[in-house]
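Following full-length UniProt numbering, the residues of the sequence shown are numbered contiguously, the last one being 575.
Virtual Cβ for every residue (Gly too), placed ideally from N, Cα, C.
One structure below.
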Amino acid sequence: MNIAIIGFGPRGLSSLEQLIVEASQSNLTALKILMFDPSDVWATGSAWDIQQPDTNRINISDRALQDLPGREQLDFKGITIPAFPNYTQWCKEQGVAIDKDTAKDAYPPRKQMGRYLFKRAQSIMDILMDHQVVDFIQKEIVQLDWKAPEITLVAGDESTYTVAACVLTMGHLPLEKEERTRLHIQHAKKEQAIYIDDPYAPSIMDMEVQDQNVIVIGYGLTMIDVMRKLSSAKGGSFVKEGESLRYQFSGKEPAQLIPFSNDGLPCVAKPLGKAIDDQFTPPEALLSAYKEGLRKDIETLAEAFTLEDFTGPTASLVASVYVKLHAANDPKEIAAQLLTWWDQRSLPANNHLFTDPNLSAQHYLKKCIEMARGNSAFTLDYVAGQVWRQLHPFLYEQFDHSPISAAALAALIDLDEFMKRYTYGPPVESLLQVHELIRQNLIAAAFLDDPELKRVSGGWELNKGNKTVKASILINSVLNAPDMQHCSDPLIRQLFASGYVQAVHEGLGIETLATAQVVGKEDVPLYALGRIAKGNVLGTDAILECFNREIPRMAKAVLARGKTRDEELGMRDGV
1 MNIAIIGFGP RGLSSLEQLI VEASQSNLTA LKILMFDPSD VWATGSAWDI
51 QQPDTNRINI SDRALQDLPG REQLDFKGIT IPAFPNYTQW CKEQGVAIDK
101 DTAKDAYPPR KQMGRYLFKR AQSIMDILMD HQVVDFIQKE IVQLDWKAPE
151 ITLVAGDEST YTVAACVLTM GHLPLEKEER TRLHIQHAKK EQAIYIDDPY
201 APSIMDMEVQ DQNVIVIGYG LTMIDVMRKL SSAKGGSFVK EGESLRYQFS
251 GKEPAQLIPF SNDGLPCVAK PLGKAIDDQF TPPEALLSAY KEGLRKDIET
301 LAEAFTLEDF TGPTASLVAS VYVKLHAAND PKEIAAQLLT WWDQRSLPAN
351 NHLFTDPNLS AQHYLKKCIE MARGNSAFTL DYVAGQVWRQ LHPFLYEQFD
401 HSPISAAALA ALIDLDEFMK RYTYGPPVES LLQVHELIRQ NLIAAAFLDD
451 PELKRVSGGW ELNKGNKTVK ASILINSVLN APDMQHCSDP LIRQLFASGY
501 VQAVHEGLGI ETLATAQVVG KEDVPLYALG RIAKGNVLGT DAILECFNRE
551 IPRMAKAVLA RGKTRDEELG MRDGV
């Protein structure tokens, strides 16, 4: 049986491992796996690129990464593939420091995870390639044709490959350029200015930005990575002074970094360590009742399940935690305030329960930092975000190909994305760095909240009230949504055009069954995992989700179908 895996990032690695696990447990005698990816660095994808600067930090703590599983020893067709340790054990074996201070979580560089993934991939690929079970093909696949019982894949150089099944594991893919993006690109060429649409483009590190203004679209996690590339990665340094940081300039920084977003609010720091984080864990009895109630509602209501069936119980659970932390409050009133916030999607001003959105940029950051340190009373929005983050593993499991409607899951995904400002927040140190660069006026805070962006002679201009600033460099730090119907990747476009796949919901990914097989006009042995299938599942972006329960289900389905096919064909293909 020939199987193709298109995309060799973390999910491609996980898919390869699980296919070998399943093959080793069956009596399958013939297997060939073709791994396709344009990059020759296995398993990292762009997010975990091993060449990126140290300033790009992972926003998952070492404490949370203890749940990233290793690989047990595998035996397939007389081939022994040694076990590979989990992330935490690997770090210890490599002499990479894992912070044991439970009072303060550590957040390693992204490329450290990249090295782990690459070494893990190398440890299985080298053996399987030597035994001709796996081929790695450094090409982009641009077309897929189905003529039962075989899939034909066409690469960019027009070479073709025939397989019995194909697994798509591509992560972040480019979308069709919006009109304003096309205009920025055209304008940059005309004015000899610089527009960068990929915030992780290597060219950012190489730019000469000294004494120039740089406008950054976005004020989230990715903006912080861009900020560090144009400050500390340019030779500057953040020096600890008591509970604060002081930035020492190298002289190579831009005149100003000018980020902005629709609401001008930053991502919120995660709790500093376990002792503070544990305060947001709901009481066990309430948490168990919540989980059991949500499971039952999902099962019994099925397609009648609505967003309100989720937000109501979740607001009550968050309220119970808030009341535990602030003993004098009415939980029903707290829950009602949460529901209003989630419905309106904006922080209420002059409401003592919430972080005041009218605080100055520095004061807002300081408030978030002090809450994360446990030095300030927790606001309701902060409590909600941290409880929600702790619920994520449970929610990801419950809404994995659940019986609720695509529209209901799309509504939940939209709310989950809104809450990511809290649940996927950075470590405290990152907010300290932003705070310090605002204090030093390297980051201009006057334009953070929804300014007007204009294309002008020589570059771009921001206007907010009576303030104006111009720049010849514009960087977009807002990452694409998983809108596969508007994806510009040639293979995804062709799959939609051919009717082999369809969207699970407008603005989301490819519809799949619980086995990850795609839903389309024909029964094609094509499987889609991860971000490109978002909408069938809630969680796709976390590294832990790349090794989740969905991968083994896919592997079982692929090999079961392949075994049936080979029996029907009398093993016509062989290996």
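Specify, as a first and last residue, the run of the beta strand (DSSP E) that Ala-362 falls within. The residue you asked about is not Ala; residue 362 is Gln in the sequence shown. Counting along the chain, Gln-362 falls outside any beta strand (DSSP E), though it belongs to the alpha helix (DSSP H) covering 361–373.
Using alpha carbons as the reference points, say which of His-392, Leu-431 and Pro-427 lies closest to Leu-415. With respect to the C-alpha of Leu-415, the residue from His-392, Leu-431 and Pro-427 having the closest C-alpha is His-392.
Express the C-alpha separation of Val-134 and Met-125 in angstroms, rounding to a whole number. Approximately 7 Å, taken between the alpha carbons.
Quick check on the burial criterion: 16 or more other C-beta atoms within 10 angstroms. Buried or exposed for His-363? His-363 is exposed by the Cβ-count criterion.
Between the CA atoms of Thr-311 and residue 582 - distance to the nearest angstrom: Outside the displayed span of the chain (1 to 575) sits residue 582, for which this structure offers no information.
Under the three-state reduction of DSSP, which class applies to Glu-333: helix, strand or coil? Here Glu-333 sits in helix by DSSP.
Limits of the unbroken alpha helix (DSSP H) element including Met-35: Per DSSP, Met-35 belongs to no alpha helix (DSSP H); it is in the beta strand (DSSP E), 32–36.
Is the number of C-beta pairs between the segment 155–174 and the segment 130–145 that are closer than 8 Å three or more? Because the criterion of three Cβ pairs below 8 Å is met, the segment 155–174 and the segment 130–145 touch.
If you drop the 5 nearest sequence neighbours on each side, which residues of the same chain put their C-beta closer than 7 Å to that of Asp-49? Exclusion of the five residues before and after Asp-49 leaves Lys-111 and Gly-114 as the residues of its chain whose Cβ lies within less than 7 Å of its Cβ.
Identify the residues that DSSP records as bridge partners of Lys-240: which are they? According to DSSP, Lys-240 bridges with Leu-245.
Sorted by chain position, which residues of the same chain lie with C-beta nearer than 6 Å to Leu-353's C-beta, five sequence neighbours on each side aside? Scanning its chain for C-beta atoms nearer than 6 Å, with the 5 sequence neighbours on each side dropped, one finds around Leu-353 the residues Gln-337 and Leu-380, in chain order.
Hey, Tyr-424 and Glu-545 are a contact pair by Cβ (cut 8 Å); roughly how many whole angstroms apart? About 12 Å separates the Cβ atoms of Tyr-424 and Glu-545, ruling out a contact at the 8 Å cut-off.
Thinking just about the alpha-carbon of each residue, which of Arg-561, Ala-542, Ile-543 and Gly-530 is nearest to the one in Glu-550? The alpha carbon of Glu-550 has as its nearest neighbour, out of Arg-561, Ala-542, Ile-543 and Gly-530, the alpha carbon of Gly-530.
Are the Cβ atoms of Cys-368 and Ala-255 separated by less than 8 Å? In this structure, the beta-carbon distance from Cys-368 to Ala-255 does not fall below 8 Å.
Can you find the residues in the same chain that come closer than 7 Å, C-beta to C-beta, to Gly-9, ignoring five residues on each side of it along the sequence? Only Ala-43, Thr-44, Gly-45, Thr-169 and Gly-171 meet the Cβ criterion.
Contact set for Ser-15: own chain, Cβ-Cβ below 8 Å, skip 5 residues either direction: The residues are Ile-5, Val-167, Thr-169, Leu-529, Ile-551, Met-554 and Ala-555.
Look up Arg-345 in the DSSP assignment and say whether it is helix, strand or coil. Three-state DSSP puts Arg-345 in coil, outside helix and strand.
Give the secondary structure of Val-501 by DSSP, where H, G and I count as helix, E and B as strand, and everything else as coil. In this structure, Val-501 counts as coil in the three-state DSSP scheme.
According to DSSP, is Lys-420 part of a helix, a strand, or is it coil? Three-state result, Lys-420: helix.
Where Gly-95 sits in the DSSP three-state scheme: It is coil, neither helix nor strand.
Could you name the residues of the same chain whose beta carbon sits closer than 7 Å to that of Asp-40, not counting the 5 residues immediately before and after it, in chain order? Cβ within range, chain order: Gln-138.
What does the alpha-carbon distance come out to for the pair Ala-408 and Ile-298? Our two residues, Ala-408 and Ile-298, have alpha carbons roughly 11 Å apart in a direct line.
Might you give, ordered along the chain, the residues of its own chain that have their beta carbon closer than 6 Å to the beta carbon of Leu-13, omitting 5 neighbours on each side? Excluding residues within five positions, the ones whose Cβ falls inside 6 Å are Ala-43 and Ala-121.
Glu-522 versus Ser-288: straight-line alpha-carbon distance, rounded: Their backbone Cα atoms lie some 42 Å apart in a straight line.
Using CA atoms only, rank isn't needed, just tell me which of Trp-388, Leu-437 and Phe-399 is closest to Met-419. The shortest C-alpha separation from Met-419 is found at Trp-388.
Would you mind sorting Asp-62 into buried or exposed? The rule is 16 or more other CB atoms within 10 Å of its CB. By the neighbour-count rule (16 or more Cβ atoms within 10 Å), Asp-62 is buried.
Can you look up Ala-43 in the DSSP assignment and give me helix, strand or coil? Looking at Ala-43 - three-state DSSP - the assignment turns out to be coil, as it is neither helix nor strand.
Using 8 Å as the threshold, is the segment 194–204 in touch with the segment 22–40, meaning 3 or more CB pairs across them? The answer is no - the segment 22–40 does not touch the segment 194–204, with fewer than three Cβ pairs under 8 Å.
Which residue wins for smallest C-alpha separation from Val-21, given the options Glu-72, Ala-64 and Asn-56? Ranked by how close their Cα comes to the Cα of Val-21, the residues Glu-72, Ala-64 and Asn-56 have Glu-72 in first place.
Among residues of its own chain, excluding the 5 on either side of Ser-123, which ones have a beta-carbon nearer than 6 Å to its beta-carbon? Taken in chain order, the residues that qualify are Phe-84.
Cα-Cα separation between Glu-436 and Leu-245, rounded to whole angstroms: As the crow flies, the alpha-carbon of Glu-436 is around 7 Å from that of Leu-245.
Residue range of the unbroken beta strand (DSSP E) whose run includes Lys-467: From DSSP, the beta strand (DSSP E) with Lys-467 extends over 467–471.
Taking Cβ to Cβ, would you say Ser-232 is nearer than 8 Å to Thr-55? Taking 8 Å as the Cβ cut-off, Ser-232 and Thr-55 qualify as a contacting pair.
Buried or exposed for Lys-92, going by 16 or more other Cβ atoms inside 10 Å? Counting Cβ neighbours within 10 Å, Lys-92 comes out exposed, since fewer than 16 surround it.
So, helix, strand or coil for Cys-166, using DSSP? It is a strand residue.
Validate contact between the segment 490–500 and the segment 468–475 using beta carbons, cut 8 Å, 3 pairs: The segment 490–500 is not in contact with the segment 468–475.
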